[in-house]
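A short write-up of the structure that comes next.
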Amino acid sequence: MSDEIVPARARRWLFTTNHKEVGVLYLVTSLFFFIAAGLLALTFRTQLSVPNNNLLSPDLYNQFVTVHGLLMIFWVLSPFAFGFANYILPLQIGARDLAFPRLNAMSYWFYLFSGVAMIMSFFFGSAPDLGWTLYSPQTSVQYTPSIGLNIGAAALILIVVSITMSSVNFLVTMFKMRAPGMKLRHMPVFPWAILITIFMMLYAFPSFLAAVLLLYVDRAFGTFYFSSIQGGALLWDNVFWFFGHPEVYIVLFPALGLIADVIPTFARRPLYGSKYIIGSMIAAAVISFIVWGHHMFVTGIGVTSTKLYTVTTIAVSLPFDVMVIAMIETLVKARVKLKAASLFALGAVALFVIGGITGVYLASVALDHALRGTYFVVAHFHYIMVGGSIMGLIAGLYYWFPKITGRMYNENLARIHFGMSFVGFNILYFPQFLLLDMPRRIATYSASTGWGPLNFLSTVGGFIFGGAQLLLFLNLFLSQRHGSPSGPNPWDAWTLEWSLPSPPPPHDFDTVPAIAEDGTYHFGNSPGYPNGSRIGNGYAHSHLEGLSPWPIVMAFAAFIFFLGLTIGQPTSPTPVSYKPFWPLIFDGAILGVISLFGYSRERFSVHEESRVESWPFREVPNVKLGIWTFLGAEVIFFGVLIGAYFFVRTNSPTWPAVGTLFTIRNGFAMTLILLTSSLTAIMALVSAKIGSRNGLIASLLGTFGLGIAFLYVKAGEWIELGSSGVFSVANGLPATSYFITTGTHGVHVFAGMCMTVYLLVNTLKGRYLKGDYHAIEHFGLYWHFVDIVWVFLFPLFYLI
Amino acid sequence: MYLLVFAILVGGTDIEVNLASVQSAIPYGEYVSILLGLAALKAALIAMFYQHLKYEPKSLSTWVLVGLVIASLLMSLSFIQLHVGH
Amino acid sequence: MAVSNTQIVFDNLYGIFTDLAVIVGLIVFALMVYLIIRYRDKRSSQDPEDTPRLGRIPLGRGHGRNVLTTVTLSTILLAVLIFTSFAAVDVLFPASEPPATWCYGIPAYNQTQAAGQSCPRLEASGHQFYWTFNYPVPLAKPHPEVGIFRVPVNSTVVLDVTSTDVFHDFGIIEFKIKTDAIPGRTNTIWFVPYHNGTYTIQCFELCGTGHYYMTASLKVMPVADFLSWYHNATVTK
């Protein structure tokens, strides 16, 4: 270790792709956002502590409440969990890093810049101020002209991109990079929880992306998805909550997995019923997608639907029952050590139980008719998200602090932290259950309501809880400098990360362990266990060579591009429209193109272990698996767009008849063009495989040319329709849905064509012809997918 | 082989367009179903042959198929729910 | 004091839920505290036999039997909650809308009713940031009242709720009933008030900066008083 070359601090942290460093970045950044969002909360709690208060104007109050929610859910809870996932998970499964380290770094920088954008929105007009749920039509440009919401939308889009990249990365890593013998069933619960969370993210976030995109388009281009009577409120309600409910499980499950691993360590016994716990998590994840209607109980969807959602929502509490009972049973005949981590873990279970029980109240549609929109709901979800998730994540912080820093924290200070947090938390939130008559998100209230005393009590609790966290930061900060060395395994735990030194060296494992049939770990070549792979010294420094500037540059480019799109001031008061800020847009686009080139030309190699546990995808290469996973997310994304089209169409009393709006011949031509381009794309792959340079060039040119033709016909159609005056974007839903859905598809075609150009350039340099045809294959997967989407769009828009 | 698939795809599109011109003769519900069915068929062909799913390891095609099934179930569920209420 | 039928339904159901919640909660917490204390680490403690050690994947532990018991007990409990909820919903939202027992009646109205036509609808409308209430008037235009909703006591009141601008939520706090007020849609609720008095209506969905003061009063009046108000306020205009 003494001959390591350590790069200068700034360069190291800005350009790192090492999972441990990216993990630390996530952890530290999420804690900063935690403090920011917490301060927002303390401010509005103070505002609410007495009736008729005017500490915060109603306008500011609404902004604080909204940004508090958005920051906590998107910029604190998940990133905090994924900080651990980044650092610890590869160690737990015996991998040296994630499958795509630069993509990982890029995820982080997208996350950071998106958070900057969200905070910036405060300074441009007003930050989003309609609750994190952003209901329509109050979010439309008519009721919220401020550009702060546009910037907020940009921030949300950026973080969804970050999350999608992470999902693909972790999925491929967990399926393809486990150490030999580390079967899925051998993994600790934390990696399982992350895996399940990733699946949920993959299926839920594209819906949110579609929703935010449509909201932005409504505001910037005057379309009508959410502001119309036919679309409007319920369209957003459905699309948002379809994502929103799985999302709240997404922010919970990693903490649950963490708790399920911490409790056994400090109980000195194996986890009770671990396979049932994992099975329950999977069941809960699946069911979480069919309960979202319980957020819409009073919207008038009809008694049949609401009864159905009552059943599914109450049913989802069953898996959680099993999980909690199993965790508690772990304590039977155990030797329970009450250190900081276990205190927080057990405390989290207790608070989660209260949160879960009160969730069942809200699942009952009859009770919800009284409790909807009241502080009962607020108390319920804070018991889960703070009591369950945050407390669980803090347990993780104490648990893994020695591993990450190599030093022990102060146990007594930590125990005081726990006591203050636990007591303060309950004083803060339990009174809110009793405020079940008080509406949410009201800036103040009159004294005659009688809500004053409980609010005051709640605020006191808030300050106790908030103040307690100072102890946490103090403890960790000081211990990191002066704490006593912890050694590799201070808890005498048994998961793989504890076999490494604290902190682990850059390359993690000197030799990747192998797990034998009887479950024992083997490090290094031993007779009879040839599975351990031995890596020579040449690898020990490779992570220090794993510095790359492109992740941060790319993220910055995206940041200023989206800022340019959303920062423009309104040009006219009515109808409100926004001027894009072209300098930023251009700079962002150019920088983005440069980074794409830099990224792809960089010599960055990921050492792939020869022997890994990779059921069930043994024969599928990493990148291909990643691309198919990404396409899965795209399916949901387009599915939601098409679904929105169906929704507004079926809710509209009239719709133009077939053939009246669009020339079927145009659509036919475009379909033929695209189908042919798929043919040329597959011909390109064939040419590459057989090494035919001319064939490859010809097919790539053909694909490109056909793409141009497609966009040309489409542009012609758009111009014709737009200039007819009758069918502009602002003229109702047929126009809106057509332009937006086909437009998004068109953007995908354009992206595909950029890829063709890139491939062509490389072909001219002689690549892809000597057995390295994979880029062509991957491009083909994407291109054929875009074709498939059009195969559905054609009949849906032109023929029905 | 790819050309054969291409021919089927073009033919399918042709059928769709011709169907549109006689659309008034068929009940609307059936018309939409046939169109969507044809689209699904074309999509399946592209996926199986152009995206090579038919020849990929079972694990991958199962992965994609399961995902698609779940996605369509969710979409249909949303759609149904939107219509049961008034 | 029972103020409305909807409030009684809520209180009964809430009572059932809370009884069960307290029982379950107490059992779980008692179990946790007991286990933590009973099996806490003492100086004399030793690690149990099956303590996993670094170097080996822990063996599985636990009986499926226990899981089955948990699931069965939970299912029974949850089924109880589901069925009681369904019963409550069927009261709040019966299959066919209950007839407004009192059709804002003046002789002209009763004629209309007798002719087989249904009672004109009573409507509440949300605006940024106030509520209006449209009382049906047989011969003149509907007369909107702002901020005050008057109803006769002991009568079935059927209310259509909508919004003229953004997404609001109409809630009568003491009556424990609410419904979303969505532009372009009408949601119907009904209730029977049992006591004269003034109650609070408030908006329960964040609708803008004025959300916090979007309140209204519900005045439950004796039938005779209501009649004379209605007569004066509407018919003569």
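Protein chains in written order, with the working numbering: chain A, 17 to 816; chain B, 68 to 153; chain C, 502 to 738. A virtual CB, placed ideally from N, CA and C, is assigned to each residue, including glycine.
Beta-carbon contacts of residue i that lie in its chain and below 7 Å, excluding the five residues immediately before and after
{"i": "A704(A)", "result": "L712, Y784, L785, Y789, I792"}
{"i": "A411(A)", "result": "L274, I275, V278, A357, F360, A361, A364"}
{"i": "Y77(A)", "result": "F60, Q63, A459"}
{"i": "F653(A)", "result": "P222, L225, A226"}
Chain-order list of residues whose beta-carbon lies under 6 Å from that of residue i (same chain, five-residue window excluded)
{"i": "S296(A)", "result": "P335, V338, M339"}
{"i": "I702(C)", "result": "I673, A717, L719"}
{"i": "L488(A)", "result": "H433"}
{"i": "G614(A)", "result": "W566"}
{"i": "F191(A)", "result": "F633"}
{"i": "I370(A)", "result": "Y399"}
Sheet register partners of residue i (DSSP bridge)
{"i": "I678(C)", "result": "I673(C)"}
{"i": "M722(C)", "result": "P653(C)"}
{"i": "E635(A)", "result": "BP columns for E635(A) are empty, so no partner."}
{"i": "G698(C)", "result": "V721(C)"}
{"i": "E83(B)", "result": "In the DSSP output, where bridge partners are listed per residue, E83(B) has none listed."}
{"i": "H628(C)", "result": "Y631(C)"}
{"i": "H433(A)", "result": "Answer is none; H433(A) lacks a bridge partner."}
Close-in-space but distant-in-sequence residues of the same chain around residue i (CB under 8 Å, 5 per side omitted)
{"i": "S693(A)", "result": "G718, T719, L722, G723, F726, W799, D803"}
{"i": "A725(C)", "result": "none"}
{"i": "V136(B)", "result": "none"}
DSSP-derived helix/strand/coil call for residue i
{"i": "H310(A)", "result": "helix"}
{"i": "K36(A)", "result": "helix"}
{"i": "K355(A)", "result": "coil"}
{"i": "W691(C)", "result": "strand"}
{"i": "A717(C)", "result": "strand"}
{"i": "F140(A)", "result": "coil"}
{"i": "G655(A)", "result": "helix"}
{"i": "H261(A)", "result": "helix"}
{"i": "C770(A)", "result": "helix"}
{"i": "V89(B)", "result": "coil"}
{"i": "V662(C)", "result": "strand"}
C-beta neighbour in chain A for residue i, strict 8 Å
{"i": "S586(C)", "result": "yes"}
{"i": "P653(C)", "result": "no"}
{"i": "L144(B)", "result": "yes"}
{"i": "A717(C)", "result": "no"}
{"i": "A87(B)", "result": "yes"}
{"i": "S100(B)", "result": "no"}
{"i": "D681(C)", "result": "yes"}
{"i": "I82(B)", "result": "no"}
{"i": "A138(B)", "result": "yes"}
{"i": "R562(C)", "result": "yes"}
Contact with chain C by residue i, beta-carbon distance below 8 Å
{"i": "D453(A)", "result": "yes"}
{"i": "D524(A)", "result": "no"}
{"i": "V338(A)", "result": "yes"}
{"i": "T752(A)", "result": "no"}
{"i": "Q108(A)", "result": "no"}
{"i": "S290(A)", "result": "yes"}
{"i": "W510(A)", "result": "yes"}
{"i": "V233(A)", "result": "no"}
Proximity test, residue i beta-carbon vs the ligand FAD heavy atom, cut-off 7 Å
{"i": "T645(A)", "result": "As presented, the structure is devoid of all ligands, the ligand FAD included, so that no description of it is given."}
Chain B within 8 Å of residue i, Cβ atoms only
{"i": "L722(A)", "result": "no"}
{"i": "T465(A)", "result": "no"}
{"i": "L716(A)", "result": "no"}
Handout entry: Contact list for the segment 59 to 86 of chain A against chain C, Cβ threshold 7 Å
Key = P74, D75, N78
Exercise for the section: For the segment 251 to 267 of chain A, enumerate the residues whose C-beta is nearer than 9 Å to any C-beta of chain C, in chain order. Expected result: Per Cβ criterion, the list reads W252, D253.
Practice task
Scan the segment 408 to 428 of chain A for residues whose Cβ lies nearer than 8 Å to a Cβ of chain B and list them as they occur along the chain.
Solution key: Answer set for the segment 408 to 428 of chain A: empty.
Problem - Interfacial residues, the segment 121 to 150 of chain A to chain C, with Cβ spacing under 9 Å - result: Shown in chain order are the members of the segment 121 to 150 of chain A whose Cβ falls below 9 Å from a Cβ of chain C: D145, L146, G147, T149.
Exercise for the section: Quick one: which residues of the segment 492 to 508 of chain A get their C-beta closer than 8 Å to a C-beta of chain C? List them in chain order. Expected result: N505, D508
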